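In the numbering used here, the protein residues as written are -17 to 686.
Backbone N, C-alpha and C define an ideal beta-carbon position, used for all residues, glycine too.
Bear in mind that the values here come from a model prediction, so they are computed numbers and not experimental data.
Working notes, structure below.
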Amino acid sequence: MRAKKIFSTLIALSLAVAFSGVSLGQSVPPPPKTVVKNITESIHGVEIIDPYRWLEDQNSSETRAWIDAQNTYSHGILSKVPSRDELERQFSALIKVDAMTSPALRNGRYFFTKRAADQDQSMIYMRRGMEGKDQLLVDPSSFAADHSASVNLGNVSHDASLLVYNVRLGGADEVVPHILNVETGKDLPESFPRARYSGLSFLPDKSGLYYSRVTKEGPRVYFHKLGTPVESDAEIFGKGIGPEKGINVAVNETGHYLVIGINYGSSSNHSEIYLQDLAGKGPIVPVVNDVAAGFVPAMAGDRMFLRTNWNALHGRVLEVDLKSPSDRSKWREVIPQGEAVIEGMSLAGGMIALQVAQNITTRIRLYDPSGKLVREITPPTLGNMSGLNGRWENNEAFFTFSSFHVPATIYRYGVASGKQSVWFQSKVPVQADQYEVKQVWYTSKDGTKIPMFVAHAKGIKLDGNNPTLLTGYGGFNLPQTPGFSPAAATWMARGGVYALANLRGGGEFGEEWHHAGMFEKKQNVFDDFIGAAEWLIKNNYTKPSRLAVMGGSNGGLLVGAMLTQRPDLFGAVLCRFPLLDMVRYDKFLVGSYWVTEYGSADNAEQFKYIYAYSPYQHVKQGTKYPAVLFVTGDSDTRVAPLHARKMTAMVQSSTGSDKPVMLLYDTLAGHSQGASTSKQVGQLVDEFSFLLWQLGAVQESAKK
């Protein structure tokens, strides 16, 4: 109640003064100078000069000194921006609240993570029955006193006596798996190396588990017998598969089958499925490995269902005859393609649960095994609805709903009856009835109609002067829906307009939409985003000096392209954990995994269109660039932080404006989840101080 009162007061104060148009003086000291060491090379006949390639060496003393200087510069400027204390109170009120994840149910026990409002990291708990007390199983503070370690749930044995949990340091993708004896509260002596894992799936008798681990050569599948050294685990699958592919593995509930899936990089258009009859001690055999399409398996007892886009760009569901799994003439189409896009599939309570989207509105549809529609779960308003989390043999399942202005609510769902109740509701102090979310459509450069969600306080004036934050993604077949975020809630609470554009390259309308924004069509994504900005300006929501863009990862590439292609259109750019040097991206970390989305500059034809939009190669000397804040860190082991380092130096040395170009570089920050609540608040305060300042949305302060 106290937090709600504080937040309501902050809203009133923000609406009164935060967007008065008074700003911190634009004059800032020049950034630290970066040494130029030109490297010239010819790629497919094109001469490319790279002055900052030396910054690719993350561990050199020169690079570390440069990072320290950049951090000192950025923090020195951002610390002087007014309203930081107010922003910290707002973000703390939204983030430092009780939180819980949807539970996994095994043998009458519920396993989940939970965090109290005054705690920095979530802990793993177990509840025996619905009315049982929550029992703490794993506290991440035992792994790092500075709260930089986080834990997440892995697999749980069928009898609920063993639990796999993963320990992550900072935001790295790599984790260290542990196996907990739930009865004794102690870890088994197994010592797994820090790496990228998937699967970690127990046999029903708990004699061992299967898992996939990424090695230097590529992903491999192993079997681990409990009580034996991990380093002696037998490799059973994956020989010859390179790092550009991924492998998933799972043992079905009965323990009869082992299911292995190969992903062709990040592509949703190509995968392979293999099966092993463990009960019959049979060999690993292919289910499908000769079709250029995506296949996602799910086991219902000893039945296999496949969600696929094979001959169905919106998706369909097939059943495989496990007596002759590779004989496609014996496969049965259970749920045909429809107008709605199938985004996910799960099995619960003897039914097939599909997460579908129609016009970017998500819902859950339940089908019986024959393919008959039983019922549909619809959201209360425009927002994001998760898939149904459950098990084939259990009637009980869970799903989550949220929106820009509606905090996450976890529902407990009776699959047979359709009855639902609230399992957990986040007590985030947001007055949802004060805001509105609407969907608009605009025309992109080539005439394609593009949807966009626009959210703001009710009664906003369309006078062209509203500070507006536009974001998007546009890649990897990932749909963007209006889920709750502290960023959106805070921005709207301060009177701003928050917009999410549904760009081509995403999965909002199936594979056609995805294909229209990948490879040689990537420029469509950038044109769509430019169209979104122009629509907001044309319809009097804002103007260029009051418009900011924000994006991370592939979205960082998006806003990096905005910086180089339309610097006149934006007042500020927040570029987080970005890809920016696309000519070299696939040479670092897991970059080769994304060649199926972008292509590679090693290919002469692909080089032409990659080079044409690659932001790093298109920074022009003397251009009046808007203010830019790059954000990255050492623990990003997915998108190499060298992209942000090199781009910071390039834009700092080239800009012809007096707008600041800064880098925030955290040695523990990374792509994956795991940051403590305090670190989340601190990072958001820095980022939004920058945005508010550059859009002229903070008061003058004597602190200069």
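Contact belief for residue i with residue j at Cβ below 8 Å, rounded distance in angstroms
i      : j      : result
Ala609 : Ala679 : The Cβ separation is near 13 Å, so there is no contact.
Asp284 : Thr236 : 6 Å
Val601 : Thr524 : Not quite, the Cβ-Cβ distance comes to about 25 Å (not below 8 Å), so this is no contact.
Arg347 : Glu358 : 5 Å
Met629 : Leu677 : With a Cβ gap of about 22 Å, Met629 and Leu677 do not count as contacting.
Glu658 : His129 : What sits at residue 658 in the sequence shown is Ser, not Glu. The pair is a contact, with the Cβ atoms about 4 Å apart (cut-off 8 Å).
Phe386 : Pro362 : At roughly 14 Å, the Cβ-Cβ gap does not stay under 8 Å, so Phe386 and Pro362 are not in contact.
Tyr647 : Asn53  : 6 Å
Residues near residue i by beta carbon distance below 7 Å, same chain, minus five either side
i      : result
Lys312 : Asp303 and Ser306
Val633 : Val601, Tyr607, Val610 and Val643
Val412 : His387, Pro389 and Ala471
Exposure label - residue i; buried when at least 16 CB within 10 Å
i      : result
Glu325 : buried
Asn459 : buried
Gln117 : exposed
Glu38  : buried
Val233 : buried
Gly7   : Interpretation of Gly7 is limited by its pLDDT of 49, a score under 50 that renders its predicted location unreliable; the figure taken from the coordinates is listed afterwards. Burial call: exposed.
Arg176 : exposed
Trp675 : buried
Ser352 : exposed
Leu69  : buried
Val479 : buried
Ile242 : buried
Ile689 : No statement about residue 689 is possible, as the shown extent of the chain runs from -17 to 686 and does not include it.
Glu105 : Here the sequence assigns Met to residue 105, which means Glu is not the residue at that position. Buried.
Met367 : buried
Ala398 : exposed
Asp215 : buried
Ser43  : exposed
Glu669 : buried
Ala583 : buried
Met112 : exposed
Val667 : buried
Ile31  : exposed
Leu355 : exposed
Asp568 : buried
Val17  : exposed
Pro597 : buried
Gln340 : exposed
Leu673 : buried
Thr210 : exposed
Contacts around residue i, its chain only, beta-carbon distance under 6 Å, and the 5 residues preceding and following it disregarded
i      : result
Met544 : Val531
Gly604 : Gly638
Ser426 : Ile432, Asp509, Asp510 and Gly513
Arg35  : Ile21
His160 : Tyr147 and Asp169
Pro268 : Tyr256 and Ser308
Ser660 : Asp102
Asn291 : Ala275, Gly276, Gly297 and Glu493
Met564 : Ile592 and Ser596
Bounding residues of the beta strand (DSSP E) (the contiguous stretch that carries residue i)
i      : result
Pro433 : Lys431 to Ala439
Leu355 : Leu355 to Ile359
Ser107 : Sequence inspection shows Tyr at residue 107; the Ser mentioned does not correspond to that position. Met105 to Arg110 is the extent of the beta strand (DSSP E) around Tyr107.
Leu336 : Met333 to Gln340
Phe145 : Note that residue 145 corresponds to Leu in the displayed sequence, not to Phe. Here the beta strand (DSSP E) through Leu145 covers Leu144 to Leu151.
Met500 : First-last for Met500: undefined, no H or E at that position.
Thr578 : That residue, Thr578, is in no beta strand (DSSP E); its alpha helix (DSSP H) goes Val577 to Tyr580.
Endpoints, the alpha helix (DSSP H) within which residue i is located
i      : result
Met327 : Met327 -> not in any alpha helix (DSSP H); beta strand (DSSP E) instead, spanning Val323 to Ala330.
His252 : No alpha helix (DSSP H) contains His252, which DSSP labels as neither H nor E.
Pro468 : Pro468 to Ala475
Gly396 : Where Gly396 is concerned, there is no enclosing alpha helix (DSSP H), although the beta strand (DSSP E) it sits in stretches over Val388 to Gly396.
Gly537 : Asn536 to Gln547
Gln40  : No alpha helix (DSSP H) holds Gln40; DSSP gives it neither H nor E.
Gly664 : Thr659 to Gln676
Met644 : No alpha helix (DSSP H) contains Met644, which is instead part of the beta strand (DSSP E) from Val643 to Asp648.
Lys628 : Leu624 to Ser636
Counterpart residues of residue i in DSSP-defined beta bridges
i      : result
Lys168 : Asn163
Gly228 : Asn245
Glu29  : Ser24
Glu199 : Glu199 is not bridged to any residue.
His206 : Leu191
Gln421 : Phe435
Neighbourhood of residue i by C-beta, 8 Å cutoff - its chain only, sequence neighbours within 5 removed
i      : result
Ser253 : Gly243, Ile244, Asn245, Tyr246, Ala275, Gly276, Phe277 and Val278
Ile229 : Ser180, Ser194, Pro201, Arg202, Val203, Phe219, Gly220, Ile223, Ile242, Gly243, Ile244 and Asn245
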